[in-house]
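Reviewing the structure listed below.
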Amino acid sequence: DLVMKSVEPLGQEYCQEVARYQEERWVDFAANSGKDSGGYAADPYRVHPYVLMSWTGRLSDVYTLIHEIGHSGQFIFSDNHQSYFNAHMSTYYVEAPSTFNELLLSDYLEHQSDDPRQKRFALAHRLTDTYFHNFITHLLEAAFQRKVYTLIEEGETFGASKLNSIMKEVLTDFWGDAIEIDDDAALTWMRQAHYYMGLYSYTYSAGLVISTAGYLHLKNSENGAEDWLNLLKSGGSKTPLESAMIIGADISTDKPLRDTIQFLSDTVDQIIAYSAQLGE
Numbered sequence: 001d002l003v004m005k006s007v008e009p010l011g012q013e014y015c016q017e018v019a020r021y022q023e024e025r026w027v028d029f030a031a032n033s034g035k036d037s038g039g040y041a042a043d044p045y046r047v048h049p050y051v052l053m054s055w056t057g058r059l060s061d062v063y064t065l066i067h068e069i070g071h072s073g074q075f076i077f078s079d080n081h082q083s084y085f086n087a088h089m090s091t092y093y094v095e096a097p098s099t100f101n102e103l104l105l106s107d108y109l110e111h112q113s114d115d116p117r118q119k120r121f122a123l124a125h126r127l128t129d130t131y132f133h134n135f136i137t138h139l140l141e142a143a144f145q146r147k148v149y150t151l152i153e154e155g156e157t158f159g160a161s162k163l164n165s166i167m168k169e170v171l172t173d174f175w176g177d178a179i180e181i182d183d184d185a186a187l188t189w190m191r192q193a194h195y196y197m198g199l200y201s202y203t204y205s206a207g208l209v210i211s212t213a214g215y216l217h218l219k220n221s222e223n224g225a226e227d228w229l230n231l232l233k234s235g236g237s238k239t240p241l242e243s244a245m246i247i248g249a250d251i252s253t254d255k256p257l258r259d260t261i262q263f264l265s266d267t268v269d270q271i272i273a274y275s276a277q278l279g280e
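Number 102 in UniProt numbering belongs to position 102 of the sequence shown; there are no gaps in the numbering.
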């Protein structure tokens, strides 16, 4: 089971809890007609989490599953150590436990094989499935959302053409002349359900900075796993600043963000190195 092998670095306590997802059948796997294509986790306090997803057997489904199991693990640990009123993490870093587990999966896929092609494949997934989607795409969606909310606060009215214009402006400002932004790219705001969940899009980018800090702490510190579990157990009892400090990340500075960007740069360098081993 890729999920359970990937989370082994977090230790027995974590593994015992999340292994229940199989025996207690937390996950609605069936890809039924008309079912939502996304992945979701819900938490009835001190019962057990429920996960909704559609399993088709692709690796992307494994990433979806371990992402939702990340949420589920956080639910369990915070429920077990916090009151009902403090069980839910701050929205600021609610996506940290989920994206952290994605990093564990990519790490396992990279190191369980001696084949440079497989290793490169794992790191490419880290870049495209975890970071491009969560760190960049959701950040751009948040920038778009902020511009739209600013218009609303100023009493402006707008329709689809204005929203297209705002989206294209955000994409152009971010990418510059690195890529060509066509008119079709301006339509991507239409597909994002998170816009109807309040100010949620930014939480993926913010959470991924914290999960990257936690992952690097896990790799470089003997107390990394214990500290991460303590972060999960803290639930909503601390501010985001206080919670991040549990894993040694001071988000009052830009260091965690810069460390994340450096980690991405190192990942690209490693992909290039694996390609060189393959003679490509």
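Ideal placement from N, C-alpha and C gives every residue a C-beta, glycine not left out.
Residue Leu231 holds the alpha-carbon nearest to the alpha-carbon of Glu95 among Gln277, Lys219, Leu231. For Leu52, the uninterrupted beta strand (DSSP E) run begins and ends at 50–52, by DSSP. Annotation for Ala42: the continuous beta strand (DSSP E) segment containing it runs 40–42. With contact defined as three or more Cβ pairs closer than 8 Å, the region 165–182 and the region 118–134 are not in contact. In this structure Ile246 is buried. Its beta-carbon is surrounded by 16 or more other beta-carbon atoms within 10 angstroms.
A straight-line Cα-Cα distance of about 32 Å links Leu218 and Met197. Judged by DSSP in its simplified three-state form, Val94 adopts coil rather than helix or strand.
With a cutoff of 8 Å on beta-carbon distance, Ser90 and Pro256 are scored as not near each other. The C-beta of Pro44 has fewer than 16 other C-beta atoms within 10 Å across all chains shown, which makes the residue exposed. Each residue's CA atom was taken as its position, placing His81 and Val27 some 24 Å apart. Around Ala185, the same chain offers Met167, Lys168, Leu171 as residues with beta carbons nearer than 8 Å, after the five sequence neighbours per side are excluded.
In the structure shown, Val148 falls within a helical segment according to DSSP collapsed to helix, strand and coil. Cβ-Cβ separation between Leu104 and Ser6: approximately 4 Å, consistent with a contact (criterion under 8 Å). Judged by DSSP in its simplified three-state form, Val62 adopts helix. Distance from the CA of Pro97 to the CA of Ile261, rounded to the nearest whole angstrom, comes to 19 Å. Counting only the Cα atoms, Thr157 lies some 24 Å from Leu139. Per the coordinates, the alpha-carbon of Phe263 lies some 34 Å from the alpha-carbon of Leu163. Counting along the chain, His217 sits inside the alpha helix (DSSP H) bounded by residues 202–220.
Ranked by how close their Cα comes to the Cα of Leu216, the residues Thr267, Ser252, Glu13 have Thr267 in first place. When the Cα atoms are used, Tyr195 and Gly279 turn out to be separated by approximately 44 Å.
Beta-bridge partners of Asp28 (DSSP): Leu52.
Rounded to whole angstroms, the separation of the alpha carbons of His133 and Leu59 is 16 Å. Contact check between the region 64–76 and the region 17–32: three or more CB pairs, one atom from each, fall below 8 Å, which counts as touching.
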